[in-house]
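Novice: Those protein sequences? They're chains A and B, same order as listed.
In terms of the numbering used here, the numbers along the first sequence are unbroken and rise by one, the last being 235.
In terms of the numbering used here, the numbers along the second sequence are unbroken and rise by one, the last being 1235.
2 protein chains.
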Amino acid sequence: MKVEVLTNNEKRDVQQSIIAKLRDLIEYKNLEPGDKLPSERMLSEKFGVSRSNIREAIQKLEFYGILYSKPQSGTFIAEIGRVAMSGMMEDILGLEEPDFKSLVETRILLELKTVRLAALRRTDEDLEALQSALNAYKNKVLNKEDAVEEDLLFHLAIAKASKNSSMNTFMLIITPEIITNFEKYHVCDSNQSFKGIQEHEDIFQAIKDQNPKRAKEMMKIHFSVLYQYCYHSNN
Amino acid sequence: MKVEVLTNNEKRDVQQSIIAKLRDLIEYKNLEPGDKLPSERMLSEKFGVSRSNIREAIQKLEFYGILYSKPQSGTFIAEIGRVAMSGMMEDILGLEEPDFKSLVETRILLELKTVRLAALRRTDEDLEALQSALNAYKNKVLNKEDAVEEDLLFHLAIAKASKNSSMNTFMLIITPEIITNFEKYHVCDSNQSFKGIQEHEDIFQAIKDQNPKRAKEMMKIHFSVLYQYCYHSNN
DNA sequence: CAAACCAATCTGGTTAACCAATTTGGTCAA
DNA sequence: TTGACCAAATTGGTTAACCAGATTGGTTTG
Chain A
1 MKVEVLTNNE KRDVQQSIIA KLRDLIEYKN LEPGDKLPSE RMLSEKFGVS
51 RSNIREAIQK LEFYGILYSK PQSGTFIAEI GRVAMSGMME DILGLEEPDF
101 KSLVETRILL ELKTVRLAAL RRTDEDLEAL QSALNAYKNK VLNKEDAVEE
151 DLLFHLAIAK ASKNSSMNTF MLIITPEIIT NFEKYHVCDS NQSFKGIQEH
201 EDIFQAIKDQ NPKRAKEMMK IHFSVLYQYC YHSNN
Chain B
1001 MKVEVLTNNE KRDVQQSIIA KLRDLIEYKN LEPGDKLPSE RMLSEKFGVS
1051 RSNIREAIQK LEFYGILYSK PQSGTFIAEI GRVAMSGMME DILGLEEPDF
1101 KSLVETRILL ELKTVRLAAL RRTDEDLEAL QSALNAYKNK VLNKEDAVEE
1151 DLLFHLAIAK ASKNSSMNTF MLIITPEIIT NFEKYHVCDS NQSFKGIQEH
1201 EDIFQAIKDQ NPKRAKEMMK IHFSVLYQYC YHSNN
């Protein structure tokens, strides 16, 4: 068979079309929660794509909890109901790549919460991790070096101390995108300033004092520059 | 070669150990951003695991933006710096499966924001989608049928109207988990009540009126039961 | 007649073979 | 000496073959 190399975008389109076909199939066959999907081989033949493509599409739907696979048995529709499944598939198909504004907006939302939770729930261990992350950041800034990474690790340490694994995961997901865009748009320049040190120390102190309100307040100040960028830029 | 069938947990452990080994390798070899990783074949031999396992681990690190693969060329370390990379890998290794409390906490946080953004940014199209989701929900409740799915789709429609693709994605990620747990712990019983209809209509009206403050307020009321469950239960 | 049993078949998961684009090291001509 | 050029090796991606467990339909046995 002719093998062709696809770009990432083409690959995504193929996957999206498979998901759409799966949705149609489920609708057409009136498959209900718990029902078994046709085998991967059959689907690959029916849709005219490779089994790998089918598997990847199924894995994506498994990630969103819509399907689940049992080894040596089959792939099944999760117990979330036909209506919800159909609607969710539609949403997944309509998902766009997040733009920078969405990322920043989400980061601010998450961090104003994680810092509050961290102040409430931090253990002494968390405090040590935060302290060392803060020190690493300070050293870099005082040496006038680029400190974006250390800045970021401090914020991730806060997410970890929040004891909320969902938010922690989401922070990890958006973080690299944020870094890339920061470097692209040179948003981070202000973070190299000495002002950042004081803000970070204020946040750390509030978490140490277990003062959630002040922690959130200090984080808000820390984000004020970002806020402006997010809501007054044309990007 | 002997083929063995692994459980999901065993598979996860293998992947985690590969990620840890990759971290050690990068540390040991002092690989920097932009550097090329050894080839998949070499790594699979070095670590004593199959190439598939290596590929999956690499794909996970690609998902978090730590690595990137160029076809017919190699896998490279992303431009996020050694320190950030090492720290993020550590965080990824330490990630736990989200507990129900984390999920609910995150959902509330997200939805109080998306409903506000939806009120600010909704188009007439969004309004139509919201209206039809609301109608589907009302019909189900009035027929005394289970309406968890329709409830959920209404909330997803709000996320979509918020025009923030990150939050929309995150809502889609946590939604199935939430449903599953709702059914397990029977949290949703209250949603079948007629009270839910009024609350949903209030939220819808606030979005229609483009009144973000009221929209958030109404959502808060809608979540008050959930709030209690989240912060006063022992689970 | 029902239940236990068994072999053929089907399934998702895994491994191995293959493909084409890219690197790379060396060669040869200008 | 240098730069264009080429063929062989390397690489991630893709396809095909294979594996062991699960399912299933029919058969046998009590």
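C-beta atoms are modelled at their ideal positions from N, C-alpha and C, and glycine is treated no differently.
Could you give the distance in angstroms between the alpha-carbon of B:I1092 and the alpha-carbon of B:K1021?
Specialist: Using only the alpha carbons, I get a separation of about 13 Å.
Novice: Are the CB atoms of A:F194 and A:V141 within a distance shorter than 9 Å?
Specialist: Contact: yes.
Novice: Check the Cβ of A:E150 against every Cβ in chain B and list those closer than 7 Å, keeping chain order.
Specialist: Near A:E150 (Cβ distances below 7 Å), the residues of chain B are V1083.
Novice: Let me check understanding here. Comparing Cα to Cα, which of B:A1136, B:K1113, B:H1200 and B:E1056 lies closest to B:K1011?
Specialist: Of the listed residues, the one whose Cα sits closest to B:K1011 is B:E1056.
Novice: Taking A:F47 as part of the alpha helix (DSSP H), name the residues at either end of that continuous run.
Specialist: Where A:F47 is concerned, the enclosing alpha helix (DSSP H) stretches over E40 to F47.
Novice: Inspect the beta-carbon positions of A:F47 and A:I18 and report whether they are closer than 9 Å.
Specialist: Cβ atoms of A:F47 and A:I18: closer than 9 Å.
Novice: What span of residues does the beta strand (DSSP E) with A:T106 cover, start to end?
Specialist: Segment F100 to R121 is the alpha helix (DSSP H) holding A:T106; no beta strand (DSSP E) there.
Novice: For B:D1124 and B:G1094, what's the separation of their Cα atoms in angstroms?
Specialist: Their Cα atoms are separated by approximately 44 Å.
Novice: So for B:K1163, helix, strand or coil by DSSP?
Specialist: Correct three-state label for B:K1163: coil.
Novice: May I have the straight-line CA-CA distance separating A:P71 from A:R41, to the nearest angstrom?
Specialist: Spanning the two alpha carbons is a distance of roughly 14 Å.
Novice: Between the alpha carbons of B:A1161 and B:G1196, how many angstroms are there, rounded?
Specialist: So the two alpha carbons sit approximately 21 Å from each other.
Novice: Have a look at B:D1151 and A:K163 and give me their C-alpha separation to the nearest angstrom.
Specialist: C-alpha separation (whole angstroms): 28 Å.
Novice: Of all the options B:T1114, B:E1177 and B:K1036, which has the alpha carbon lying nearest to the alpha carbon of B:S1073?
Specialist: Of the listed residues, the one whose Cα sits closest to B:S1073 is B:K1036.
Novice: Starting from B:E1145, find everything on chain A with Cβ-Cβ shorter than 8 Å and list it in chain order.
Specialist: Result: empty, since nearest Cβ-Cβ is about 11 Å, beyond 8 Å.
Novice: Provide the residue span of the beta strand (DSSP E) that contains B:Y1068, from first to last.
Specialist: It spans L1067 to K1070 - the beta strand (DSSP E) in which B:Y1068 sits, taken as one unbroken run.
Novice: With 9 Å as the threshold, decide whether the Cβ of B:P1212 is near any Cβ in chain A.
Specialist: With 9 Å as the cut-off, B:P1212 does not count as an interface residue toward chain A.
Novice: Residues of chain B with CB under 7 Å from A:E10, in chain order?
Specialist: By Cβ distance, chain B contributes nothing, its closest Cβ being about 12 Å from A:E10, past 7 Å.
Novice: Which residues of chain A have a Cβ atom closer than 7 Å to the Cβ of B:N1164, listed in chain order?
Specialist: The contacting residues are S102, E105 and T106.
Novice: Using three-state DSSP, classify A:G87 as helix, strand or coil.
Specialist: A:G87 falls in the helix class under three-state DSSP.
Novice: Starting from the beta carbon of B:A1078, find every residue of chain A whose beta carbon is closer than 7 Å, and list them in chain order.
Specialist: Those are P176, listed as they occur along chain A.
Novice: If you count every other CB in all the chains shown that lies within 10 Å of the CB of B:N1053, and 16 or more means buried, which is it?
Specialist: With 16 or more other Cβ atoms within 10 Å, it is buried.
Novice: When the Cβ atoms of the stretch 1075–1083 of chain B are set against those of the stretch 165–183 of chain A, are three or more pairs found closer than 8 Å?
Specialist: Touching, yes, given that three or more Cβ pairs across the two stretches are closer than 8 Å.
Novice: Using the beta-carbon count (16 or more within 10 Å), is B:L1098 buried or exposed?
Specialist: Looking at the sequence shown, residue 1098 of chain B is not Leu but Pro. By the 10 Å Cβ count, B:P1098 comes out buried.
Novice: Quick one: does A:M88 have its CB under 9 Å from some CB of chain B?
Specialist: Yes, because at least one Cβ of chain B sits closer than 9 Å to the Cβ of A:M88.
Novice: Give me the residue from B:S1102, B:L1067 and B:A1159 with the minimum Cα distance to B:I1203.
Specialist: Selected option, being the one with the closest Cα: B:A1159.
Novice: Give a yes or no on contact between the stretch 1108–1122 of chain B and the stretch 214–221 of chain A, applying the rule of three or more CB pairs nearer than 8 Å.
Specialist: Contact fails: fewer than three Cβ-Cβ distances are below 8 Å.
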